[in-house]
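Residue numbers (our numbering), protein chains in the order written: chain A, 18 to 357; chain B, 265 to 645; chain C, 30 to 379. Beta carbons: idealized from backbone N, C-alpha and C, even for Gly. This one's a predicted model, so the numbers in the text were calculated from it and none came from an experiment. Structure, as structure tokens:
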Amino acid sequence: MSNQTEEFLSVRNLVTHFPLDEGTVVAVDGASFDVQAGMTLGIVGESGCGKSVAARSILRILDKPGVIVDGEIRFRRRSANGELGEVVDLTTYDADGDEMRSIRGGEIAYVFQEPMTSFSPVHTIGNQLMEAILLHRNVSKKEAEEIALDMLRQVGIPLPEERIRQYSFELSGGLRQRAMIAMALSCNPSLLIADEPTTALDVTTQAQILELLQNLQKDFGMAVMLITHDLGVIAEMADNVVVMYLGKVVESAPVDDIFHNPKHPYTKALLESIPRVQSGSREKLASITGSIPHPYDRPTGCAFNPRCPAFMEGTCDVGEPELTNVESNHQVSCFLFQGG
Amino acid sequence: MAEESAALGRALDDAADRSSERVYSATQWQLMWWRLRRHRLAMVAAVVLIGFYIVVLGANFLAISDPQFSEAFRGEMPPQRLHFFDGWSPGLYVNGVSGARDLKTFKKIYVNDPEVKIPVRLFARGYEYKFLGLIRTDRHLLGVSAPYKSEETLFLIGTDVQGRDVWSRLMLATRISMLIGLVSVVISLILGVVLGGVSGYYGGWPDIIIQRVIEILRSIPTIPLWMGIAAAVPREWSIIKIYFAITIIISLIGWTTLAREVRGRFLSLRDEDFVTAAELSGASKMRIIFRHMAPSFLSHIIASTTLALPAIIISETSLSFLGLGLRPPAISWGVMLQAAQNVQTIALTPWLMVPAVPVIGAVLAFNFLGDGLRDAADPYG
Amino acid sequence: MVESTQQAPKRLLDVTDLRKYFPIKKGFLRKQVGAIRAVDDVSFFINEGETLGLVGESGCGKTTTSRCILRAVEPTSGQIMFRSTIGEEVDVAKLPSSQLRLLRREMQMIFQDPFSSLNPRMTLLDIVGEPLTNHNIGNRSEREDRVADALKLVGLRPEFMRRFPHAFSGGQRQRIGIARALVLRPRLIVADEPVSALDVSVQAQVLNLMLDLQEELDLTYLFVAHDLSVVKHISDRVAVMYVGKMVEVATSEELFAQPKHPYTSALLSSNPQPDPRTRSERVVLQGEVANPADPPLGCYFNPRCSYATDVCRSQPPQLTEISPNHFVSCHRAEELELPGVAMAKADGIG
């Protein structure tokens, strides 16, 4: 059994740039967060916050011309006997090299938002599942097929023997997402990164998939990094939460603290601005003024300062705050909590 | 509430306004131009094409001797070297050439006489022509002055079998070959956009019929078709008439590609929200097609058209090369290349193959420019 | 709505037995082999000045319904009675196209995708001014003024008129779309998922804007959405659709607190709550959404319904009013006690 306080995945000061013709987009600007073995980390933020880019940086699957400019991604690999082994820095590996390819799918799996475009339309589901299995495990084709069928059963796809021969477009959205999860888990990864896995699904299907993910996490004993903009999903699934804004981590805490004891003005404003079913009808929402800055027009100082209700002139527009501990396990990146 | 957010919006926008106003107010065409400018190959190609069309406009001006003036005596003369310096002082001249026939092989031999220096003048007088069809003049870019005559002494790319100056013929051939492309493309464009648009916007039976017609036309093998039509064209027609007939024939097949593209764009645009919004705001069908949908695919059409031109140039060149298109006394690249159909030419008078160079050049230039246009065509993604 | 001394609210829109079937054609001769019943006998009404939220999952027909009302899509059959400004009621479904064009001045649409709902090649002036141009209202400078007014109403600076949509963010574009819908001062606005494609913080701004505009301009909204929390904030009454059928219509409070249809209850329960302390209360619906081209016998929802009985599997239910202004389409509506969503506690969250 893994010791939960042992390092499992630690991202430290990750900086990822996209040098484009029009200028360099700083997608991730010094983000740091931890994932603990067997637990779920929820990364939440709006568009442009860098959560997807951070996740892709971990697996080194950035779209060109993305490049990791600085930082460390420390990951504890699985040793030959299946136990947790040594910690390596994934930024030091070649993105296309053997090491990364063995980690991808084998130890860290990724589930995408749009299952339709994540499957090849010209190969059957079975084919793609078996490809993943054969790449990482030393088994025969027949055995791979057995494993694939078993996985499809585990994710709750009825009649897997039929489905395994079908193409992705023959499956509904929910079934496709389940098939993608099956593919991701077929090699028993220690970490599953799910990037907006239910955003494209209906709410009832979403509930099914989230329940499935929770059960699978228990069964497989794996860690989950769940990326989403939906605070409801975070509240459902996460043990710990990281809130990102414009490439930086602004707050990091256990899930209950984030929802019931938020410290960062952005987190607070975000929670106040989401519509809730418990509200009165036609109740106005507290909204955050302004809009998310364009990536080429980053504000000087704290990225949130132009919109912050707690803006302090001379401080917030000058320097950038650091992520500091305010309570045990609760970190905030805000001048309200710095400087003694 | 709207006021508050406007006030704060003001503060935020001022920050962003700096030099972005230019970009924010840039029309589709401006954005497209900015993107095209960065595509170096396309820019080079554009310059090359401008060069070609300058030749089109000033074909006669750039020519030296009357292209039809033949003197068998001077047949198959190799290109003359244009000297820029006479010893140390600048001066344009060519050497005199005397010819004789080798009695053993009966081949013509031309010998350069370095003592004879015939000065070459800029803006010299030569044969008469109408510049741009309007102004009667006899000035040419290069020529020799009395007592020498251009048509007897200046042959930059040599002469053909009949003693005609290849350079001058090349200038006029460029005009005809590049123009045929344009006229064809305009006809194809009109047919393609109209029929493709009807097909895509209305759907149903018009669409089915038009698509089947397109498929039938595209399945006809081109060369036999051309041969048939060339045989059907009356021999007594003037060159101009034949020229236009060829143009129209080529464009009657060429519209099919564009029609398909236009249809595809219409089909996808029909379902766009902004088209629905236009309908709901009371726009008539005509307005929707021309004001709302057309600008969206205009950029693609420009790119497609630019890429269609080389195909037409090659069609005409091939047809004429095979003797099915333009025929002498008309001059086009294909007609000139007809003379280069045999091994004898390649071995003995290789300069007669020079017309292949502008063909390749024009086709490549159109392709590069078309690629650049296509890449720049959708600045909005 | 309880009887009071005021007169009963007038219905601005009254839809009866609306149907939209999309034929499925196969074969070389394109013979019709079946139909997708996108909207299948849908009836509802909207009172003047109120907001009716229309919810459901993908394939339920809410978008098609909204487009049928404006006749952006031609309904297969049914009646769409609209009370025009002159006071008379017209059946939108049967209007000839010339009159339809005039009626379009009174009903407009706001679209879901801020990126495809604005023509990228037209300036804001052109886009927002399009309805004015098409209906020949005013001369050029008058139109500019009206466009400036519309832009100010939605919180955008009129100086932006000369810019193109690519200069604006998603939230701003949505505002432009709203400005376009408002410029003719319509009475009914059909909003098709207007905030679904926006970031959370921007959603709140746009929703607040819509609430403000409704008061200022006396608008009536048909608000189509899949997100129940959003619908709660903006609607007076809510209608729930499933696979082309209307399954429940009630006031916001009643629907959320005391749903009468099992699907509504399941929908409410599946909605992830932004509060980790409410985790244990989920009811997860099994199975897949029914296929609108081949729906089940009887009640369309029966394969997934934990309360289904034999009558549910054989007889399709009818939409009936089981209590004042509360309509349900379920055989067992009277007897079921279904879990809903309670109102916020006093201490609030966050």
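* Quick one: which unbroken beta strand (DSSP E) runs of 3-plus residues sit fully inside the region 28-110 of chain A? Chain order, please. => Counting whole runs of 3 or more residues, the region 28-110 of chain A contains the beta strand (DSSP E) stretches 40-52, 57-61, 84-95, 101-106.
* To do: In angstroms with no decimal places, state the Cα-to-Cα distance between C:Q287 and C:L257.
  => If you draw a straight line from the Cα of C:Q287 to the Cα of C:L257, it comes to about 15 Å.
* **Cβ-based burial, B:P488 [other Cβ within 10 Å; buried from 16]** => By the 10 Å Cβ count, B:P488 comes out exposed.
* **Given A:I78 as reference, the closest of A:S137, A:A126, A:D334 once Cα atoms are compared** => Here the closest residue by C-alpha is A:A126.
* Asked: Does the distance from the C-beta atom of B:A437 to that of B:V320 stay below 8 Å?
  -> In this structure, B:A437 lies away from B:V320, with their beta-carbon atoms at least 8 Å apart.
* **Beta-carbon proximity list for B:L446, same chain, < 8 Å, skipping 5 on both sides** => Only L573 meet the Cβ criterion.
* To do: Return the residue from the list A:G67, A:L101, A:L76 that minimises the CA-CA distance to A:V32.
  => Checking every option, the nearest Cα to that of A:V32 belongs to A:G67.
* Could you spell out where the beta strand (DSSP E) holding A:V139 opens and where it closes? => Under the DSSP assignment, A:V139 falls outside any beta strand (DSSP E); it carries neither an H nor an E label.
* Asked: Among residues of its own chain, excluding the 5 on either side of B:S414, which ones have a beta-carbon nearer than 6 Å to its beta-carbon?
  -> I328, S329, G390, G407, V408.
* What first and last residue would you give for the beta strand (DSSP E) that runs through B:P378? -> In the DSSP assignment, B:P378 falls within the beta strand (DSSP E) that extends over 372-395.
* Go ahead and pull the three-state DSSP assignment for A:P206. => Residue state, collapsed to three classes: coil.
* **Cβ-Cβ separation, A:L233 to A:V250 (assumed contact under 8 Å), whole Å** => Not a contact, Cβ separation roughly 16 Å.
* Report the rounded CA-to-CA distance for B:A271 versus A:C325, giving the unit in angstroms. => Note that B:A271 scores 41 on pLDDT, short of 50, meaning its location in the model is unreliable; the coordinates nonetheless yield the value given after this. Each residue's Cα considered, the two are about 15 Å apart.
* Start-to-end residues for the beta strand (DSSP E) that takes in C:V267 -> Looking at the DSSP string, the run of the beta strand (DSSP E) that includes C:V267 is 266-271.
* To do: Enumerate in chain order the residues of its own chain whose CB-to-CB distance from C:K374 is below 7 Å, with the five nearest sequence positions on each side excluded.
  => In this predicted model, C:K374 has a pLDDT of only 46, less than 50, meaning its place in the structure is not dependable; the value taken from the coordinates is given anyway. If you ignore the 5 residues before and after C:K374, its C-beta comes within less than 7 Å of no other C-beta in its own chain.
* Asked: For B:P354, which residues does DSSP report across the bridge?
  -> DSSP, once it has assigned bridges, lists B:F349 as partnering B:P354.
* **6 Å Cβ shell around C:I115 - same chain, five flanking residues per side excluded** => Excluding residues within five positions, none has a Cβ falling inside 6 Å.
* To do: Give the single residue among A:L176, A:G123, A:C333, A:G88 whose Cα lies nearest to the Cα of A:D106.
  => The alpha carbon of A:D106 has as its nearest neighbour, out of A:L176, A:G123, A:C333, A:G88, the alpha carbon of A:G88.
* To do: List the residues that DSSP assigns as beta-bridge partners of A:N346.
  => A:N346 pairs with nothing; no bridge assigned.
* Asked: Once you ignore the five residues that flank C:T34 on each side, which residues in its own chain have a CB closer than 7 Å to its CB?
  -> The predicted model places C:T34 with a pLDDT of 49, which falls under 50 and marks its position as unreliable, so this point remains unresolved.
* **Limits of the alpha helix (DSSP H) - the one that A:I120 falls within** => Run containing A:I120: 115-120, per the alpha helix (DSSP H) assignment.
* Three-state secondary structure (DSSP) at C:R48? -> Correct three-state label for C:R48: strand.
* Asked: Who are the near neighbours of C:E29 in its chain, counting only those whose CB is closer than 6 Å to its CB and skipping five residues on each side?
  -> Chain C is shown only over 30 to 379; residue 29 of chain C falls outside these bounds and no answer can be derived.
* **Under the three-state DSSP convention, the category A:H311 falls into** => Three-state result, A:H311: coil.
* Would a C-beta distance cut-off of 8 Å place C:L240 and A:K301 closer than the cut-off? -> Yes, Cβ-Cβ distance for C:L240 and A:K301 is below 8 Å.
* Asked: Are the region 301-319 of chain B and the region 625-636 of chain B in contact at 8 Å, needing three or more beta carbon pairs?
  -> Counting Cβ pairs under 8 Å, three or more are found: they touch.
* C:V157 and C:G199 closer than 8 Å at C-beta -> No.
* Cutoff 8 Å: B:L573 Cβ touching any chain C Cβ -> Judged by the 8 Å Cβ criterion, B:L573 is not in contact with chain C.
* Determine the DSSP secondary structure at B:R638, reduced to helix, strand or coil. => In this structure, B:R638 counts as helix in the three-state DSSP scheme.
* How would you call B:R482, buried or exposed, if buried means at least 16 neighbouring beta carbons within 10 angstroms? -> So B:R482 counts as exposed.
* Quick one: what does DSSP say A:Y262 is sitting in, helix, strand or coil? -> Three-state result, A:Y262: strand.
* To do: Using 10 angstroms around the beta-carbon of B:T417, count the other beta-carbons present and answer buried if the total reaches 16, otherwise exposed.
  => If you draw a 10 Å sphere on the C-beta of B:T417, you find 16 or more other C-beta atoms in it, and that means buried.
* Going by the CB atoms, is the gap between C:R112 and C:K394 shorter than 8 Å? -> One cannot answer for residue 394 of chain C here, as it falls past the ends of chain C, which runs 30 to 379.
* Asked: Less than 8 Å separating the beta-carbons of A:A217 and A:I142?
  -> Cβ distance not < 8 Å, so A:A217 and A:I142 don't count as in contact.
* Given a limit of 8 Å on CB to CB distance, which residues of the region 203-221 of chain A reach chain C? -> Listed by position along the chain: D219, V220, T221.
* **C-alpha gap between A:S203 and A:R118, whole angstroms** => Rounded to whole angstroms, A:S203 to A:R118 spans 15 Å at the Cα level.
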